[in-house]
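There are 4 protein chains.
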Amino acid sequence: MNALADTVDAAADPLVIAGKTYRSRLLTGTGKFKDADETARATAAAGAEIVTVAIRRTNLGQNPGEPNLLDVLPPSRYTILPNTAGCYTADEAVRTCRLARELLDGHKLVKLEVLGDQRTLFPDVVQTLAAAQTLVADGFDVMVYTSDDPILARRLEEIGCVAVMPLAAPIGSGLGIQNRYNLLEIVENAKVPVLVDAGVGTASDASIAMELGCDGVLMNTAIAGARDPVRMALAMKLAVEAGRHAFLAGRIPRKRYASASSPVDGLVG
Amino acid sequence: MNALADTVDAAADPLVIAGKTYRSRLLTGTGKFKDADETARATAAAGAEIVTVAIRRTNLGQNPGEPNLLDVLPPSRYTILPNTAGCYTADEAVRTCRLARELLDGHKLVKLEVLGDQRTLFPDVVQTLAAAQTLVADGFDVMVYTSDDPILARRLEEIGCVAVMPLAAPIGSGLGIQNRYNLLEIVENAKVPVLVDAGVGTASDASIAMELGCDGVLMNTAIAGARDPVRMALAMKLAVEAGRHAFLAGRIPRKRYASASSPVDGLVG
Amino acid sequence: MNALADTVDAAADPLVIAGKTYRSRLLTGTGKFKDADETARATAAAGAEIVTVAIRRTNLGQNPGEPNLLDVLPPSRYTILPNTAGCYTADEAVRTCRLARELLDGHKLVKLEVLGDQRTLFPDVVQTLAAAQTLVADGFDVMVYTSDDPILARRLEEIGCVAVMPLAAPIGSGLGIQNRYNLLEIVENAKVPVLVDAGVGTASDASIAMELGCDGVLMNTAIAGARDPVRMALAMKLAVEAGRHAFLAGRIPRKRYASASSPVDGLVG
Amino acid sequence: MNALADTVDAAADPLVIAGKTYRSRLLTGTGKFKDADETARATAAAGAEIVTVAIRRTNLGQNPGEPNLLDVLPPSRYTILPNTAGCYTADEAVRTCRLARELLDGHKLVKLEVLGDQRTLFPDVVQTLAAAQTLVADGFDVMVYTSDDPILARRLEEIGCVAVMPLAAPIGSGLGIQNRYNLLEIVENAKVPVLVDAGVGTASDASIAMELGCDGVLMNTAIAGARDPVRMALAMKLAVEAGRHAFLAGRIPRKRYASASSPVDGLVG
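Protein chains in written order, with the working numbering: chain A, -17 to 251; chain B, -17 to 251; chain C, -17 to 251; chain D, -17 to 251.
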């Protein structure tokens, strides 16, 4: 059984972002955990290989003498993905990415997010487009948090972003996938990886994202805010793998009953 | 990672049916596969420990000289769960269970299903109640396929069934969980295991069943009818585990956004 | 405009129950209102022609000297539909119907409900079947509250019930239609009227029931429990009419976008 | 009954757009009908007071000698809302609005849509923002078709649009409301009318939009594409009114059953 799973995951079906190959399709955030130990254990249970770090809220060495996240999640083991959480303009976001690059010795991979609103944490897509353009021109490999608007997703890909990361629902909401058809539209038309970023609440949400054909899922609150974050991290790891396999395996169509001659027809749903 | 998963599954959180302990919470059917090899490989990929067999359609030795399913799925490795698929009256179902007991040397565990309709394969709950009563009195350990009616589920438990198996949707439909609140109601009030039996279409459906607190899931078409049954079996294994862990880990509540002071309030949904 | 509506509703598309023709497809309950005046105004705003009355909780003359509901909702204007709310066995329900018949001078039309549980108010379908059989044999015209089990709905029709009334969700829950496919299955196979009874929360729920092809909707809490019961009664009247017209008008199929060559295919939903 | 409905609709609860008061909250498109007669009858059955016209596809007098839509839908009876359907850049859209203003003798009210894609007809929100800015500066009263992105909806309001018109789903898809929380977010924060524009498939979809607090609904395909467009127009009129009344009446909260002490809690849904 495990041999089967391992073969499939690692070899035949890797996730490639900016030329680097990953075996895990679950990316995790590093905020909101109780302490460094929980962060480390949950991240390990999630099987994450890419961990995202809010540069403005996290010490990666810029505050000497304080605890450094890189001691907990060493770059030798994890791909560190600096993000611009807390930035509300393109300028702030660009500056934050440049700071991250300095702190991390020329590291080019970043997750861009420019927020439109402190209350909802929805992206400001206009500022996001502007920042993406600047960052790509400046040599960054930009993974970009955005709405689930298929036209914008394509625009961000055209600009040169290395991954498009539409929300499933507002950050931290746990509402799950609100608009499956938008995600599907994005996935079917993208040539770069599409990762759901934000809104996942529980394991099935992550599975659904993968079943739609998403290349991965990024989450933080759903794990860190669960009653048992480490176990939820494991749940999410399994859910992402389950959804990916289900996508590749080709599900049966929905029919009203087994003997129905054709799938449900769009009249009831 | 695997060590963590193994520990949790096997030791701390077993499924107990009729006094026997199982590590897997995914039960699979044995029909509809291409051939014996696919049956064996998919069942292994699913990690199933209990496999259900339609006595009226399957040779377990009653037709000497023909291929015997028990050669493919040996009782030494799998708990064989004879079922009464194809029975439309209590009498037929009872007779079929007795035949199974003979064929399997006194084996007491059966899955009772009495269907109401060839087209939809919905259960006939009145005949099911009658058959359950007879079978329990006759010493069988009865796992019972039923509708998602919470009152009937309780009645079947009171009769002495060892597991209640409500449908998520019609057999073979792949429609997924149609009525979450009914399943939740059944789960919260049952003292015997509750397993979703029928209607699962893809991995997330299985996760959702487990997240509602179900003790397990039984499926056949969703695996056997997938484009790649073996990979789908693996997907379902992972999905059931994911959903179980998510249930135990305690998900975050749905909120309109992270900064909302309370969960969604039942006014929009 | 109104001429159009009137023509369609009254003449071409009547609801016929037990041989009597109704123009309104919204039936209302009479409990839970603030006072007699609100009862009267909400019932009028709903345009109801059939109003259901809990015999065990309502004075229809059995308690002389106390307020009589029939003064508020006169039988000359409304078809009074006595119901067996609060009955938990077939015997109680049968006795209650007989009492109603006496109180109402031989009135034969009743709404049978036999509940399984005080907490959830789910029907006890076994007791319901038994009571239906007795009442039909005793000459009653039985409209019957039941689960959304299609096999049972057919059985109740075979017994001779004049209308089958599946729940959308538990009584008073406001959860809306939980299982559209079950309702559709019942509707498509019934030769007597099918009315959704219980579970409607707001106007669109009533529309959805009608769009599935139901012949009518019965509700009480959704109106009486609203902040403004009279306005909600009007909303429900319009919603039932809207849903009926939409059903008859033949909706467009769901497609991923206008230019898609075929409806959604049962793989995403 | 009708007296009650009339009073409420006309007097107490008008829709005000750009200073003009409307009694109907259902706006209709004029394309896709079989002929002029069906257009006229469906528009009347819908009770529409505002009808939108694709300037690039419709003769409003620019082609003398050809049938003129204004003969079918006279401006004396209907507010004509020229739209920019078929425009894929801000420039095209601005030019089209100016052409409409000339054709309609200085008429200022327009519906702006700038599409991103011929296949899906999703809006191009960046071009939409640019066109809105130009048109508002040029003295137009701009009703604007956009995605359901709450940040962009607010931006369009800040620019000075007189109404924001988010999609429910792609134009002509009939998929219904895909993201209720986004619509709710837009509605709760807008000071101008919010009208759902695109995606409605049947009556209940229109009710749901109104129940979320939207000020109106605009549709074309759902009516013109129905088997019986005139009856569907009536269904939609009633559904919009039903949803509006239900919104104002204050629905009961969803609970698991009537006896539950609190609404559903965001853990199951």
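A virtual CB, placed ideally from N, CA and C, is assigned to each residue, including glycine.
For the options L9(B), L51(B), L157(B) and D87(B), the alpha carbon positioned closest to that of I32(B) is the one of L9(B). Around the CB of N65(D), 16 or more other CB atoms lie within 10 Å, so the residue is classed as buried. With respect to the 8 Å criterion, S155(A) and R162(B) are not classified as neighbours on the basis of their beta carbons. For D210(D), the residues of chain C that pass the 8 Å Cβ criterion are L230, A231 and G232, in the order they occur in the chain. Listed in chain order, the non-local C-beta contacts of K14(C) below 8 Å within the same chain comprise N202, T203, A206 and G207, local neighbours out to five positions each way being set aside. If you check the CB distance, Y127(B) and D179(B) come in under 8 Å. Look at the stretch 119 to 135 of chain C: the residues with a C-beta under 9 Å from a C-beta of chain B are S129, D130, D131, P132, I133 and L134. About 7 Å separates the beta carbon of R233(A) from that of L249(C), a gap short enough to meet the 8 Å contact definition. If you ignore the 5 residues before and after C196(D), its C-beta comes within less than 7 Å of the C-beta of L165, V169, V176, L177 and V178, all in its own chain and listed in chain order.
Ranking R77(A), V108(A) and G183(A) by CA distance to the CA of I37(A) puts R77(A) first.
Judged by their CB atoms, E139(A) and K93(A) are not nearer to each other than the 8 Å cut-off.
Put simply, of I62(A), L194(A), D53(A) and P245(A) the residue whose alpha carbon is nearest the alpha carbon of G11(A) is I62(A).
Taking 8 Å as the threshold, the shortest C-beta distance from S189(D) to chain C falls below it. The beta-carbon separation of M214(C) and A112(D), rounded to 44 Å, does not stay under the 8 Å limit for a contact. Look at T10(B): its C-beta is not under 8 Å from any C-beta on chain A. For a Cβ distance threshold of 9 Å, residue set V108 of chain C lies close to L111(B), ordered along the chain. In this structure A221(D) is in contact with S189(C), their Cβ atoms being roughly 6 Å apart against a cut-off of 8 Å.
Under the Cβ distance rule, Y70(D) does not count among the residues neighbouring chain C, no pair being separated by less than 8 Å. The stretch 115 to 130 of chain D makes no contact with the stretch 80 to 92 of chain A, as fewer than three CB pairs between them are under 8 Å. With 16 or more other Cβ atoms from the protein chains shown falling within 10 Å of its own Cβ, Q109(C) counts as buried. Following the DSSP letters along the chain, one finds N65(C) inside the beta strand (DSSP E) bounded by residues T61 to N65. With 16 or more other Cβ atoms from the protein chains shown falling within 10 Å of its own Cβ, T25(D) counts as buried. T128(B) sits in a strand when the DSSP states are folded into three classes. Within its own chain, the residues whose Cβ lies closer than 7 Å to the Cβ of G98(B), once the five positions on either side in sequence are excluded, are F104, P105 and D106, listed in chain order. Per DSSP, T10(B) is one residue of the beta strand (DSSP E) stretching across L8 to G11. Your pair I(-1)(A) and A145(A) checks out as a contact, with CB atoms roughly 5 Å apart and the cut at 8 Å. Annotated as distal: P245(B) and D210(D), with beta-carbon spacing of 8 Å or more. Secondary structure of D210(A) (DSSP, three-state): coil.
At least one CB of chain C lies nearer than 8 Å to the CB of G248(A). Residues of the same chain with a CB within less than 8 Å of the CB of E167(C), apart from the 5 flanking positions on each side, are P132 in chain order. T40(C) sits buried, since 16 or more C-beta atoms from the chains shown fall within 10 Å of its C-beta.
Inclusion of G181(C) and L157(C) in the CB contact set at 8 Å is warranted, their separation being smaller than that value. With respect to the 8 Å criterion, C143(D) and A114(D) are classified as neighbours on the basis of their beta carbons. DSSP places V174(A) in the coil class of the three-state scheme, outside both helix and strand.
Not a single C-beta of chain D is nearer than 8 Å to the C-beta of P(-4)(C). Interface annotation for the stretch 193 to 205 of chain A against chain C: L194, criterion Cβ-Cβ distance under 8 Å.
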